[in-house]
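The opening position of the sequence shown corresponds to residue 1495 in the working numbering, with each subsequent residue numbered one higher.
Glycine residues also receive a C-beta, built at the ideal position from the N, C-alpha and C atoms.
Quick notes on the structure that follows.
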Amino acid sequence: MTAVDGDQTAGDTYDARAVQEKWQARWAEQNPFAASEDPADDRPRRYVVDMFAYPSGDLHMGHAEAFAIGDVIARYAFQRGENVLHPIGWDSFGLPAENAAIKHNTHPAEWTYANIETQAESFRRYGIAVDWSRRLHTSDPEYYKWNQWLFLRFFERGLAYRKDGLVNWCPKDQTVLANEQVVQGRCERCGTEVVRRSLNQWYYRITAYADRLLDDMDQLENGNWPDDVLTMQRNWIGRSHGADVRFAIEGREEPVSVFTTRPDTLYGATFFVVAADAPLADELCADDHRAEFEAYREQVAKLSDIERQSTERPKTGVFLGRYAINPVNGERIPVWAADYVLADYGHGAIMAVPAHDQRDLDFALKFGLKVREVVDTGEPSPAESGVATAGEGRLMNSGPLDGLSKSEAIPRIIEILGERGTGSAAVNYRLRDWLLSRQRFWGTPIPIVHCPDCGEVPVPDDQLPVKLPDNLKGADLAPKGVSPLAAAADWVNTECPKCGGAAKRDTDTMDTFVDSSWYFLRYCSPGDDSAPFDIDKVAKWGPVDQYIGGKEHATLHLMYARFFVKVLYDMGMVGFTEPFRRLLNQGQVINQGKAMSKSLGNGVDLGEEIDKYGVDAVRLTMIFAGPPEDDIDWADVSPAASLKFLNRAYRVMAEAGAASAPGADPASGDLALRKATHQALDKITAAVDAQRFNVAVARIMELVTAARKAIDSGPGAADPAVREAAEVVAITLALFAPYVAEEGWERLGHTGSVSVGNWRRPDPALLTQESVTCVVQVASKVRDKLEVAPDVSAEELERLALASEKVQAFIDGREVRRIVVRAPKLVNIVVG
């Protein structure tokens, strides 16, 4: 492919394919982007991490955007002369590889590593400035050994445990799914209807860190992390203060506790609701209601937790034929099973106060249950309006609480409950412990041996890694309801490390979120075979200065990584409590207003775009389309226009290089161009610092236009100011279009990479403007232009505008109703 601008001379032709091949080879030979571990290197350190790629095929448009953005940030640090760690790796365990192995009767490793090599070559072609010596793959035994080592340390601290629990189960993939993997009741991977079932599973006790996960977010505020991500994290943890209230149940010896954030409304509790899939519901169900309850429970098993909590779904439930006793007024209230209460929230049961909770009210109105107002908010009756009154007010119909405000009533009712032995203050969390187990092959084996005499026995550290067997593939991996590892008898059957007797290995593998919860620490010492990471090197590089990735990871991945770092901090292995100082979420690349899809016919092949326009044009198009967090609609952008600009920029650099040699004093050059260059450099620097990369590109485009004008109709290409402008174009363009920048830098007579240590500071003396043009409008139409000082005051600018003869001619005696001044560039006069 040869890219040629319309007005380009033959000697200045920019051959994108040849230039790409040339500089790929040069970078591979020179390794200019390797992080230095030299103790004498006192440059400021910068650690930049792009979220892992998954090797599901070649790079796609989403990769093109995300890694272009991360590369800008890394290259800017390289340009400023910092010691930069910008590594690369692959999150290479997971279900897609296993399904591909089943389909093609191969081992998952074959599919995985072939795809990794394909992507690695594409990353090299894409010009990503990474330290390839730190490359890692999570499916390597050298990596997942440390997943197992960390699991055992968590196990020792009581943070890894097994229990029976209700899970989302995909009957086709035969594995558990996180709530986020269930879409409208179906598996997001295969579309099969998901069911709920009880399994004995491994968990990480992330709830032990709930308060710290919340409180440490103070470190991430003030623009370090996006506000909406912090809000999602807080909502996911969902810390609530309230009370545990104990309700006696007729015919049951032990009371049942419920958690409520509004214990002040206890007198308004008119029925009791138990999660339909909780063991408690089965226990409380009366015999004559058993058939109806079991049919209902089977129906609820098909719903995800997210669907069950949706306010859009009609309320469903069944009466269990039992009654609870309200502990404050002795009222006998019916016990129902319903789907809008979750088994693992609080205690799996709630007191329903329909007058002041909309979900309870919807349920009560549907099933004809009592609605009693106990807070006077001045709003219409909920029983009549159908709208619950959840706001502030004075308590009523509440005995000793009557007349109190919410803030007064809550401590009083907690005191009363405490005196009666029927309740106490409590804190509850929406966050649930991390379900770790997966019943699939392609993941980290859990390093536990099950012994009939010794129970759960950790695999000794010196026996790690517990490797996956290499003799399973294809049909051996097909879903069977248990992990495929269970069929590998030679692998499963082993000796108990404690007593030496016959025992069996645990056959579940770890959730792949484990792999990505600490990989950024491994990058600091990827070849370490004595520890998961070198503590001193992590202290040198960590925490990550800038993390880049999609917002789809705003809750789970980021929460889990934060959890891991806090545990490691408690273990004395890291000296910080948050893994990522700054977070940048890029938008999506769509086409014609919709996500790219083969079925929609709107897919765009990245490789084809690169073949047609070149890497630089695609990268520049991604960056110039808008702020990083915005979506990019490929139908609305133009890589062809980007290519045309790059050719213009290359021609400026090539002509300046041909006309003069490095070293000329730019101070002897054209002053107007020098000012334009330094003002552009100042604005580009400010835009990149603010991560408004599209704005920076726009300023580079303006500088290229100014340089082109100086060459064609000004002092000419030999002027030192033109060379200075061309060099600034090369240096700044290297962030976004590294190939053309490197080639242009070489054409300017320089050796070495333009991408390392060349950023310049603008000369403050050249940033001042002797005058600016102020536009004066009358009735929103331009009537005059004034040359004024850049620091002119609003008052002086108004006086000058009104003194203008042209302006007065258009005012023509009419009343001046308002004057809007935007010093120093605009005055708008509104007349009557």
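Query	Result
Reducing DSSP to helix, strand and coil, say where arginine 2193 ends up.	helix
Quick check: what's the CA-CA separation for leucine 2052 versus leucine 2296?	58 angstroms
Under a three-way DSSP split, which group does glutamate 1806 fall into?	coil
For a test of the three-state rule: what should DSSP assign to phenylalanine 1465, helix, strand or coil?	Missing from the structure shown is residue 1465; the chain here goes from 1495 to 2326 and no further.
Residues in the same chain with beta-carbon distance under 8 angstroms from proline 2318, minus the five sequence neighbours each way, listed in chain order, please.	Val2266, Cys2268, Val2282, Ala2283, Pro2284, Asp2285, Val2286 and Leu2291
Which value, in whole angstroms, describes the spacing of the CA atoms of aspartate 1705 and valine 2008?	21 angstroms
Identify, in the order they occur along the chain, each residue of the same chain with its Cβ nearer than 7 angstroms to the Cβ of leucine 1653, setting aside the five sequence neighbours on each side.	Tyr1698, Arg1699, Ala1702 and Val2061
What does the alpha-carbon distance come out to for the pair phenylalanine 1617 and tryptophan 1626?	11 angstroms
Should the stretch 2022 to 2036 be called in touch with the stretch 1966 to 1983, which here means at least 3 C-beta pairs below 8 angstroms?	no
With a 10 Å radius around its C-beta and 16 neighbouring C-beta atoms as the bar for buried, classify alanine 1534 as buried or exposed.	exposed
Do alanine 1846 and tyrosine 1790 have their CB atoms nearer than 9 angstroms?	no
Given this structure, state the Cα-to-Cα distance separating glycine 1588 from alanine 2174, to the nearest angstrom.	47 angstroms
Under DSSP, the beta strand (DSSP E) around arginine 1656 begins and ends at which residues?	1654 to 1664
Indicate the three-state DSSP secondary structure (helix, strand or coil) for glutamine 2185 in the structure shown.	coil
Measure the alpha-carbon distance for valine 2336 versus lysine 1796 and round it to whole angstroms.	Absent from the model: residue 2336. The displayed extent of the chain is 1495 to 2326, so no value can be given.
What beta strand (DSSP E) runs, 3 residues minimum, are completely inside the stretch 2069 to 2098?	2074 to 2080 and 2083 to 2085
Where does tryptophan 2253 fall in DSSP's three states?	coil
Which residue spans inside the stretch 1660 to 1744 form an unbroken beta strand (DSSP E) run of at least 3?	1669 to 1671, 1689 to 1698 and 1734 to 1743
Report the residue from Pro2037, Gly1824, Ile1743 and Lys1597 whose alpha carbon sits nearest the alpha carbon of leucine 1579.	Pro2037
Where does the unbroken alpha helix (DSSP H) through proline 1435 begin, and where does it stop?	Since the first residue of the chain shown is 1495 and the last is 2326, residue 1435 is not available in this structure.
Where does glutamine 2040 sit, in a helix, a strand or coil, going by DSSP?	strand
Based on the DSSP output, what are the partners of phenylalanine 2058 in its beta bridges?	Looking at the DSSP assignment, phenylalanine 2058 forms no beta bridge with any residue, so it has no partner.
Among the candidates Leu1971, Asp2099, Ala2259 and Val1881, whose CA atom is the shortest distance from the CA of arginine 2168?	Ala2259
Can you determine whether any heavy atom of the ligand MG sits closer than 8 angstroms to the C-beta of arginine 2016, and answer yes or no?	With respect to the ligand MG, the structure offers nothing, as it holds no ligand at all.
Taking the alpha carbon of alanine 2224 as the reference point, which residue from Tyr2041, Ala1903 and Arg1569 has its own alpha carbon closest?	Arg1569
Would you give the residue range spanned by the beta strand (DSSP E) that leucine 2320 belongs to?	2320 to 2325
Could you pull the DSSP bridge partners for aspartate 2278 from this structure?	Val2270
Hey, how far is the Cα of tyrosine 2144 from the Cα of alanine 2158?	20 angstroms
Please classify aspartate 2105 as buried or exposed, where buried requires at least 16 neighbouring CB atoms within 10 angstroms.	exposed
Determine the DSSP secondary structure at arginine 1619, reduced to helix, strand or coil.	helix
Could you pull the DSSP bridge partners for tyrosine 1541 from this structure?	Leu1579
Assuming isoleucine 2042 contacts alanine 1560 (C-beta within less than 8 angstroms), just tell me the rounded distance between them.	6 angstroms
Alanine 2155 and glycine 2210: beta carbons closer than 9 angstroms?	no
Who are the near neighbours of threonine 2071 in its chain, counting only those whose CB is closer than 7 angstroms to its CB and skipping five residues on each side?	Asp1710, Val2059, Lys2060 and Tyr2063
Less than 7 angstroms between C-beta atoms, sequence neighbours within five positions excluded: which residues of the same chain meet that for tyrosine 1655?	Tyr1697 and Arg1699
Less than 9 angstroms between the beta carbons of valine 1752 and histidine 1841, yes or no?	yes
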